[in-house]
Structures are given as C-alpha cells and as structure tokens.
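Chains as they are written, first to last, in the numbering used here: chain U, 1 to 221; chain D, 1001 to 1221. Glycine is no exception: its CB is placed at the ideal position from the N, C-alpha and C atoms.
2 protein chains.
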Amino acid sequence: MMKKLSKAEENYLKTVYHLSEAGKKNVSTNEIALAINTKPASVSDMLKKLSDKQVISYIKYYGVSLSELGSKMALHIIRRHRLWEVFLVEKLNFSWDEVHEVAEELEHVNAPLLIQRLDEFLGYPKFDPHGDPIPDEFGDLKTRPRVKLSDVPLGNAGKIVAVNDSSAAFLKYLDKVGIYIGAKIEAVDKIEFDGSQELVLDNHKKIFISKEVGANIMVLL
Amino acid sequence: MMKKLSKAEENYLKTVYHLSEAGKKNVSTNEIALAINTKPASVSDMLKKLSDKQVISYIKYYGVSLSELGSKMALHIIRRHRLWEVFLVEKLNFSWDEVHEVAEELEHVNAPLLIQRLDEFLGYPKFDPHGDPIPDEFGDLKTRPRVKLSDVPLGNAGKIVAVNDSSAAFLKYLDKVGIYIGAKIEAVDKIEFDGSQELVLDNHKKIFISKEVGANIMVLL
DNA sequence: ATATTTTTTTAGACAAATCTAAATACTATA
DNA sequence: TATAGTATTTAGATTTGTCTAAAAAAATAT
C-alpha cells in the first residue's frame, strides 16, 4: 500500500512538510532548494517524481503541497525522528544540541516493529526533547496551545514548551542562559529600544534575551 | 583518514569479511554474488572500486581479500550490527530470530558517538544474542574456544555459546526444541545411521538433533 | 504595457550501483 | 595438449539523484 520511499525522497517530503507548516501554504522550489542545500533544478526533478508517486500535488511554476498520503508519510518520518531524539537524550545521555544529525540518519530506518517497540520502551512520549509533538502511529499529533515568548504580556508567566530553532548554536546558548523545556518563565519587562525582554526564570533567576531569541521560544500560558 | 563508504560498499566489505572468515583467505566473485544476491558482473564492478579505495586486495580472476584497512572497517560495521542486536533483544524485547534484518539497516548509521554511547548503555557487552563476539572500538574481538556440538565427545558436557546460522527458520527451531545461548548441553549418544545426536539439555531434558543442526551449534567445553 | 529581473523548468551530462549479453581467462578432461 | 566447460570480466544500458547552462514563465519596475 504505502510503498517505500528512498532516503532522498523522504527528506524532500519531510522538508515540504516543515516548510508548509511554517508558512501554511504552497512551498516554492527555491525554498526547498535552500532548505536542503541543493539546486533548484534538482528540486524540480524530484518534485516531478514525487508527484508521479502521488505524495505531493505539484503544479509547474506554482509550488507544491503534500497530498493526504504524503502528509501521512511525512508524519511517520517525523515520528521516527522524534522518537529517536527522545531515545538519544533520555537513554544515551546526548544533550539536546547533539541529537539532530544522528536522528536525521536513524529516521530513515523504516521498520514498523522497531518503532513500535522503541515507542513502548520510551513510555509512549508525546513530545521530543525540543518540545515538538511526536505523531502517533496513525500520524495524529497532540498539540499544545503555544505563544511566542516574545508575545507573552508583561506580568504573565508560563511554561516553556518548545523551541523553533534546533541548531546547536541556539540550543547551546539556551543552556548557557539556563533556559530549558519545562522551565517556568515570567515576562517582567520589555525594552522599547530593541524589543529585548527581561524575564524571571523559575521564580528566581533574572535574565535578558533578545527579540530574536524570544521569537524562537514557545510558551504555554 | 578512514573515509566514509556507501551502504553498498559496506555490505560488500562485510560479506568479504564473513566469507574469508568462514574458510579460505581468498574469496571468489561468484561466492560474493551468491551471498548478497546479485550478479557476478556487478561484483566485478564493485571490487574494482573497492580496490581503488585500498580496502581490498584484488587480482583479476584470482579473487579478493581484505586489506588491513578494509579489515578494520569491516570489524567496525560488524561491531555496530552486533551492538544493535543486543539492544534489540535486551531493551526492545525482540526475539533472536527477529533482529537480523533490522540490525542490517541500523549498522549503516555511522555516528561514532552514537555507537560509543550505545555500547556504554548496554554495559559493554562482549557477545551478541547469537553468541558472536562484538569487536571493541579498535576492532579487536574476544574469542572463545569453541567446538561444534556435533563434535562433542560422548559423555562430555559444555555450554552453548553460539550458532553458525542466524536464519529465522533455524532460530525458531532452536526455540521450539529449547536450545538457547548459555544452555548446558551433554552429549549422551550418537546414532550411527544418520549422525544424529541424543543430548541432555540443562541436566534434565532429553532431546534429539540432526547432524546438520549439531554442526551449526557451537559449544564451550 | 513593455522591459527587466527573478524564479522555475528543461536539456544534457555525470557518478553510483545495478543489469544483460558478449568476450575472455582460467580449469578440467578426454 | 586441445577442447569443452566454468568463472570472471568487459561493454553497454538503466535507474536514481545530482549538477550546469540555457530556455521559459512569472513577478516586478519603469
């Protein structure tokens, strides 16, 4: 039924999924090329193939979106990726900035029994170490209402539930400042000059973050 | 230094290692083709490439053997494979006949930190679920003196330490009979007619096995 | 609305890994 | 030793995924 895709095809599918999540609409050839560090011509070629396989809907010059089938397959890849991330952090003591590249490889091992057993072994986690939801075996995912930390009104407090940037550089910075998934955060002040914020972490630690950082941290109020 | 090989190249290397271990030092093109279910012409092509990369020593029409470098690389692949097998059996509750295909995929994820941490997580196991030794990070492996069960002299007892055939069919048969790695086994009688054996398992269970089965079970006396 | 710029697609080439069919080299036998 | 029979290699084709260069379509600016 759901025939196996190659590693390259899986990566394209995943990329289209992430880009259409972020922007909510049709994804352009150039966007994809940029995201996976390849040339637009290569993207065109691949989109044609994925379209033939019915996993995307593709109209020349107008961009691309996932089909129902493609969406489901993308969510399965993401499920594998995020389960492995949980495994790496919780069982193998990786730090949250080290897991991404390794999970990029592990996600392509497509063995349903493996993933099912891994899920069980990990205690059916609902979120990965970066706070992103893990799709279940049917491709459904649990979402939490979230706002950007930069949008939290002054005086309000919430819990950090996710980050929008998983680069090692960003995550290492967060470690240094003391920010982690699950931390309590209170918006104390906003500096007009540059949009930076003054915050209180876990009721006692006063920290300052830039507007850019605040826009990449998601909070549950 | 040790540049990365493709999945296909890794599989060839591993195959040459296993075939040269199981008997002669030079491995033939046809043997390899048979082992990895491909055509001799494809093998010739690949051997040329592997020879260019200095991982095998290859003389046309005379067969191949691994170079020092190739040997080391093969042992690293085998290390990854066997560590994953231990993980699958001990942590994810796979049975020993289910692990091979999955480990075949996982072994190609080449991330040194991952394997190092996995090894640690598993408690630095020295043998995989089939009793085969796991090479350490330098490619060295612990060997146990072993004899074929079919060669155990009458009246002697030993411990089952490995199997030479990891096919699901064989392993399922062993489960059915009650044979497992670590079991105590005593050679009670040998039937002249067909070479089959009468054995006592764990001091109490009388079983009979064929000559073929006995030749694929290894015992530590 | 026309011209210019940007984006996207096509055309043609290449490397990896495979295949079939044909040629060549070893081996065994009469 | 000549020859029939395997084993192995080469030649040429195919598929997948990529690339560069050039053409075509869409977007933007004048």
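Considering just the uninterrupted stretch of the alpha helix (DSSP H) at residue i, what are its terminal residues?
{"i": "U/Val211", "result": "Just to set this straight, residue 211 of chain U is Lys in the shown sequence, not Val. Counting along the chain, the alpha helix (DSSP H) containing U/Lys211 begins and ends at Lys211 to Gly214."}
{"i": "D/Gln1116", "result": "Pro1112 to Phe1121"}
{"i": "D/Glu1186", "result": "Segment Lys1184 to Lys1190 is the beta strand (DSSP E) holding D/Glu1186; no alpha helix (DSSP H) there."}
{"i": "D/Lys1004", "result": "Where D/Lys1004 is concerned, there is no enclosing alpha helix (DSSP H), given that its DSSP letter is neither H nor E."}
{"i": "U/Ala162", "result": "Careful: U/Ala162 lies outside any alpha helix (DSSP H), inside the beta strand (DSSP E) at Ala157 to Val163."}
{"i": "D/Glu1198", "result": "No alpha helix (DSSP H) holds D/Glu1198; the beta strand (DSSP E) holding it covers Gln1197 to Leu1201."}
{"i": "D/Leu1050", "result": "Pro1040 to Asp1052"}
{"i": "U/Leu106", "result": "Val99 to Leu106"}
{"i": "D/Tyr1173", "result": "Ala1168 to Val1177"}
Between the options, which lies nearest to residue i when the distance is taken from Cα to Cα?
{"i": "U/Leu83", "options": "U/Lys49, U/Lys60 and U/Pro112", "result": "U/Pro112"}
{"i": "D/Val1147", "options": "D/Leu1013, D/Asn1216, D/Ser1028 and D/Glu1009", "result": "D/Asn1216"}
{"i": "U/Ala168", "options": "U/Asn37, U/Asn110, U/Val102 and U/Pro145", "result": "U/Val102"}
{"i": "D/Glu1068", "options": "D/Glu1105, D/Ser1057 and D/Tyr1062", "result": "D/Ser1057"}
{"i": "D/Tyr1017", "options": "D/Lys1048, D/Thr1038, D/Arg1079 and D/Ser1042", "result": "D/Arg1079"}
{"i": "U/Asp189", "options": "U/Glu104, U/Val200 and U/Gly158", "result": "U/Val200"}
{"i": "D/Thr1117", "options": "U/Phe87, U/Ile160 and U/Gly178", "result": "It should be pointed out that residue 1117 of chain D corresponds to Arg in this sequence rather than to Thr. With distances taken between Cα atoms, D/Arg1117 lies closest to U/Phe87."}
{"i": "U/Pro40", "options": "U/Gly195, U/Ala183, U/Tyr61 and U/Lys206", "result": "U/Tyr61"}
{"i": "U/Ser6", "options": "U/Glu105, U/Thr38, U/Leu34 and U/Ile59", "result": "U/Glu105"}
{"i": "U/Ser150", "options": "U/Asp119, U/Asp140 and U/Ile191", "result": "U/Ile191"}
{"i": "D/Thr1038", "options": "D/Gln1054, D/Asp1165, D/Val1152 and D/Tyr1012", "result": "D/Tyr1012"}
{"i": "U/Pro135", "options": "U/Lys3, U/Ile36, U/Ala74 and U/Ala35", "result": "U/Ala74"}
{"i": "D/Ile1160", "options": "D/Ala1183, D/Asp1119 and D/Thr1143", "result": "D/Ala1183"}
{"i": "D/Ala1008", "options": "D/Leu1047, D/Leu1019, D/Glu1021 and D/Glu1031", "result": "D/Leu1047"}
{"i": "U/Arg144", "options": "U/Phe138, U/Glu137 and U/Phe127", "result": "U/Phe127"}
{"i": "D/His1100", "options": "D/Ser1166, D/Ile1059 and D/Asp1052", "result": "D/Ser1166"}
{"i": "U/Lys4", "options": "U/Glu98, U/Lys72 and U/Ile179", "result": "U/Lys72"}
{"i": "D/Leu1019", "options": "D/Ser1065, D/Ser1042 and D/Ser1051", "result": "D/Ser1065"}
{"i": "U/Ile179", "options": "U/His204, U/Phe193, U/Asn93 and U/Leu50", "result": "U/His204"}
{"i": "D/Asn1110", "options": "D/Glu1137, D/Leu1092, D/Ile1059 and D/Lys1091", "result": "D/Glu1137"}
Is residue i close to chain D? Criterion is C-beta to C-beta, closer than 7 Å.
{"i": "U/Val64", "result": "no"}
{"i": "U/Val86", "result": "no"}
{"i": "U/Leu5", "result": "no"}
{"i": "U/Arg117", "result": "yes"}
{"i": "U/Phe234", "result": "With chain U covering 1 to 221 only, the question about residue 234 of chain U has no answer from this structure."}
{"i": "U/Phe245", "result": "Any answer about residue 245 of chain U is impossible in this case: the structure gives chain U only from 1 up to 221."}
Leaving out five residues on either side along the sequence, give the residues of the same chain with a beta carbon under 7 Å from the beta carbon of residue i.
{"i": "U/Glu10", "result": "Ile77 and His108"}
{"i": "D/Ser1044", "result": "Thr1029"}
{"i": "U/Ser196", "result": "Phe208, Ile209, Ser210 and Lys211"}
{"i": "U/Trp96", "result": "Val89, Pro129, His130 and Leu171"}
{"i": "U/Asp140", "result": "none"}
{"i": "U/Gly158", "result": "Val152, Ile185, Val219, Leu220 and Leu221"}
{"i": "U/Thr15", "result": "Ile32, Ala35 and Ile36"}
{"i": "D/Asp1119", "result": "Leu1083"}
{"i": "D/Phe1094", "result": "Leu1088"}
{"i": "D/Gly1070", "result": "Leu1013, Val1055 and Ile1056"}
{"i": "U/Pro307", "result": "Only positions 1 to 221 of chain U appear in this structure, which leaves residue 307 of chain U out of reach."}
Can you give me the start and stop residues for the beta strand (DSSP E) that residue i sits inside?
{"i": "D/Ala1035", "result": "Unbroken run through D/Ala1035 is the alpha helix (DSSP H), Thr1029 to Ala1035; no beta strand (DSSP E)."}
{"i": "D/Gly1063", "result": "Gly1063 to Leu1066"}
{"i": "U/Ser57", "result": "Ile56 to Ile59"}
{"i": "D/Val1219", "result": "Ile1217 to Leu1220"}
Taking CB distances under 7 Å as the criterion, tell me whether residue i reaches chain U.
{"i": "D/Glu1105", "result": "yes"}
{"i": "D/Ala1111", "result": "yes"}
{"i": "D/Val1102", "result": "yes"}
{"i": "D/Lys1142", "result": "no"}
{"i": "D/Leu1092", "result": "yes"}
{"i": "D/Leu1114", "result": "yes"}
{"i": "D/Phe1170", "result": "no"}
{"i": "D/Phe1138", "result": "no"}
With a threshold of 8 Å on Cβ separation, who are the neighbours of residue i within its own chain once the five nearest residues in sequence on each side are excluded?
{"i": "U/Val163", "result": "His130, Gly131, Phe170, Leu171, Leu174, Ile181, Asn216, Ile217 and Met218"}
{"i": "D/Asp1052", "result": "none"}
{"i": "D/Ile1059", "result": "none"}
{"i": "D/Gly1063", "result": "Asn1026, Val1027, Ser1028 and Thr1029"}
Spatial neighbours of residue i within its chain, please: C-beta separation below 6 Å, excluding the five flanking residues on both sides.
{"i": "D/Leu1154", "result": "Ala1187"}
{"i": "U/Ile115", "result": "Arg80"}
{"i": "D/Val1177", "result": "Ile1207"}
{"i": "D/Ser1042", "result": "none"}
{"i": "U/Gly214", "result": "Leu149, Ser150 and Gln197"}
{"i": "U/Glu85", "result": "Val99, Ala103, Asp128 and Pro129"}
Flag this pair as touching only if the stretch 25-33 of chain U and the stretch 113-130 of chain U have three or more C-beta atom pairs under 8 Å; answer yes or no.
no
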